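Participant: The structure follows.
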Amino acid sequence: MANLFIQSAYRNLDAKGRLLLPPEYRDALLAAGDGSFWLTIGLYGGLKAYMPADWEAIVEKLNSVPLPSMKLSHVKTKLLGLAQRMVPDAQGRIRIPQPLMRAAGLQKDVVLVGMADKFEIWDQARFDALLVEDVSDEVAACHLDIAL
C-alpha cells in the first residue's frame, strides 16, 4: 500500500462550500487515476475520502454482509446514501455537498488529515478537541506497539 496521504493541511471553506485540496493530495489522486475520489461521512465525526478502487471494495463488502439490526442498517444508509464522487475543478477545489457539511459539522475552518491510503476532512474545532484527548490507555490495552 502506498502512503498517498501522510500530511495534514489547514484550510478554509469559501462561501460556496468549496475546499482547495493540497497540491500533494491532488498529485496523489491524479497519479492513482483520474483525480476523483469518494467522500462520505466518518463514523466518529468528520468526512472520509476514499480512492475509487477502495470505495468499490467498501460498497461490495457492505452489500455482502448481513446487517442484523436496524442501527447497523442505518450505518449502511448513511455511508452509502451520503457518499458523493468528487472531481476537483481546474484549481484543485471540491464543493462539499451541504448534507455532508452538516453531518460532519463543518464550519469555515477545516483540517485535511492524511491517513495513508485515504484522508479525512474535519471541522478544525472538532479536530483540535481530538488532539488533546488522551488515548494512551486504549493504545496500551490493545497492545499497539508502534514506537510512539
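Take the position in the sequence shown, starting the count at 1, then add 1; the result is the number in my numbering. Don't be surprised by glycine CBs; every beta carbon is placed ideally from N, CA and C. Everything numeric in this text was worked out from a predicted model, so none of it was measured.
(1) Which residues mark the beginning and the end of the alpha helix (DSSP H) in which SER9 is found?
(2) Could you tell me the boundaries of the alpha helix (DSSP H) in which LEU101 lies?
(3) Relative to the C-alpha of ARG94, which residue among GLY36, SER9, ILE7, GLN8 is closest?
(4) Hey, how far is the Cα of LEU101 from the Cα of PHE120?
(5) Would you mind sorting GLY156 into buried or exposed? The rule is 16 or more other CB atoms within 10 Å of its CB.
(6) When the Cα atoms are used, what is the spatial distance from MET2 to THR41?
(7) Would you call the CB atoms of GLY46 and LEU131 closer than 9 Å?
(8) Quick check: what's the CA-CA separation for LYS75 versus PRO23?
(9) Go to ASP110, then tell me how far its beta strand (DSSP E) extends in each direction, as first and last residue.
(10) Are the segment 57-76 and the segment 8-17 in contact at 8 Å, needing three or more beta carbon pairs?
(11) Assuming GLY106 contacts SER9 under a Cβ cut-off of 8 Å, what Cβ separation, rounded to an integer in Å, is found between them?
(12) Measuring CA to CA, which of ASP90, ALA84, ALA91, GLN92 is closest to GLN1?
(13) DSSP three-state call for ALA50: helix, strand or coil?
Facilitator: The structure says:
(1) Looking at the DSSP string, SER9 is not in any alpha helix (DSSP H); the run it does join, the beta strand (DSSP E), is 9-13.
(2) 99-105
(3) GLY36
(4) 15 Å
(5) Within the shown structure, residues of the chain are numbered from 2 to 149, placing residue 156 beyond reach of any answer.
(6) Its pLDDT being 49, under 50, MET2 is placed unreliably in this model, and the value from its coordinates should be taken loosely. Each residue's Cα considered, the two are about 21 Å apart.
(7) yes
(8) Checking the displayed sequence, the identity of residue 75 turns out to be His instead of Lys. Cα to Cα, the separation comes out at about 32 Å.
(9) 110-115
(10) no
(11) Incorrect: roughly 18 Å between the Cβ atoms, too far for contact.
(12) The requested residue 1 is not part of the displayed model; the chain covers only 2 to 149.
(13) strand
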